[in-house]
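Residues 2 to 178 in this note's numbering are what the sequence shown spells out, letter by letter. For every residue, glycine included, the Cβ atom is placed at its ideal position computed from N, Cα and C.
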Amino acid sequence: VRAKLLGLPGSLRRNSNSLAILRGLQDALPAGASMDIRDLRLPLYDQDIDTPDAPAEVHAFRQAIADADGVVIVTPEYNYGMPGVLKNALDWASRPYGKSALIGKPVLVISNSPAFTGGVRAHQQVNDTLLALPAKLLGGPQVVIGGVGDKIKDGKLADEAVLKFTLGAIDRMITTG
Ligand code: FNR
2 VRAKLLGLPG
12 SLRRNSNSLA
22 ILRGLQDALP
32 AGASMDIRDL
42 RLPLYDQDID
52 TPDAPAEVHA
62 FRQAIADADG
72 VVIVTPEYNY
82 GMPGVLKNAL
92 DWASRPYGKS
102 ALIGKPVLVI
112 SNSPAFTGGV
122 RAHQQVNDTL
132 LALPAKLLGG
142 PQVVIGGVGD
152 KIKDGKLADE
162 AVLKFTLGAI
172 DRMITTG
């Protein structure tokens, strides 16, 4: 299968575990699949600037989603929820109303945390937001990565079992999406 994926880390920091997960997956994808990783540094959502003259990075972000066969969102958990950076980006992506590039788009949500809880509360929030559009959320076993610090080496997800489980989810998204 040929598939062009878009990876979105819900954290902006350079040494983000969420980014490291995407980098590890990027390296491990099967032949024919590729993934661009894009950070979510966007202006704060403001309906007054959500016009055809919206900032260029907003248009580029929406276009990147439109161009992708599937989106992989890797979220950390901030205070029992998804980071504002990610919610902000999803709000931008959700518009124009009824024409969002996320409508019907296959999306895999992955959460992670140094804690054993794996960011599962953030995972739930991202799912709920995606259902508002609705995106085509991948169901089935959820990818929730706890104790993530031990699973990353040299800035990349390196845990064989987690990689295998997650690639299985990506495969389901590609083949059913
Ligand atoms: C956190 N962290 C955190 N972890 C968690 O499991 N549940 C939580 O509610 C929170 N809350 C929280 C709030 C804020 C403001 C920060 C900065 C952090 C810890 C968090 O999981 C950890 O910092 C991760 O490393 C952040 O993800 P990235 O940046 O590594 O992708």
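Where in the segment 116-143 do unbroken runs of the alpha helix (DSSP H), each at least 4 residues long, occur, reported from the N-terminal end onward?
-> 121-132
What's the C-alpha gap between P189 and R173?
-> Only positions 2 to 178 of the chain appear in this structure, which leaves residue 189 out of reach.
Neighbour-count burial assignment, I175, 16 or more Cβ in a 10 Å radius = buried
With DSSP as the reference, label I171 as helix, strand or coil.
-> helix
Taking all protein chains shown into account, decide if H124 is buried (16 or more other Cβ within 10 angstroms of its Cβ) or exposed.
-> buried
Please classify P142: is it buried, with 16 or more other beta-carbons within 10 angstroms of its beta-carbon, or exposed?
-> exposed
From the DSSP output, in three-state form, read off G8 for me.
-> Here G8 sits in strand by DSSP.
Going by other Cβ atoms of all chains shown within 10 Å of its Cβ, with 16 needed for buried, is L132 buried or exposed?
-> exposed
Answer yes if the segment 106-120 comes into contact with the segment 37-45, meaning at least three C-beta pairs across the two stretches below 8 angstroms, and no otherwise.
-> no
S35 versus L20 - alpha carbon distance | S35 and L20 have their alpha carbons spaced roughly 16 angstroms apart.
Determine the direct distance from the alpha carbon of L13 to that of G85, and round the result to whole angstroms.
-> The alpha-carbon of G85 is positioned some 11 angstroms away from that of L13.
Hey, L103 and A94 are a contact pair by Cβ (cut 8 angstroms); roughly how many whole angstroms apart?
-> 5 angstroms
Is A69 buried or exposed, if buried means 16 or more other CB atoms sit within 10 Å of its CB?
-> buried
Kindly identify the DSSP beta-bridge partner or partners of V86.
-> BP columns for V86 are empty, so no partner.
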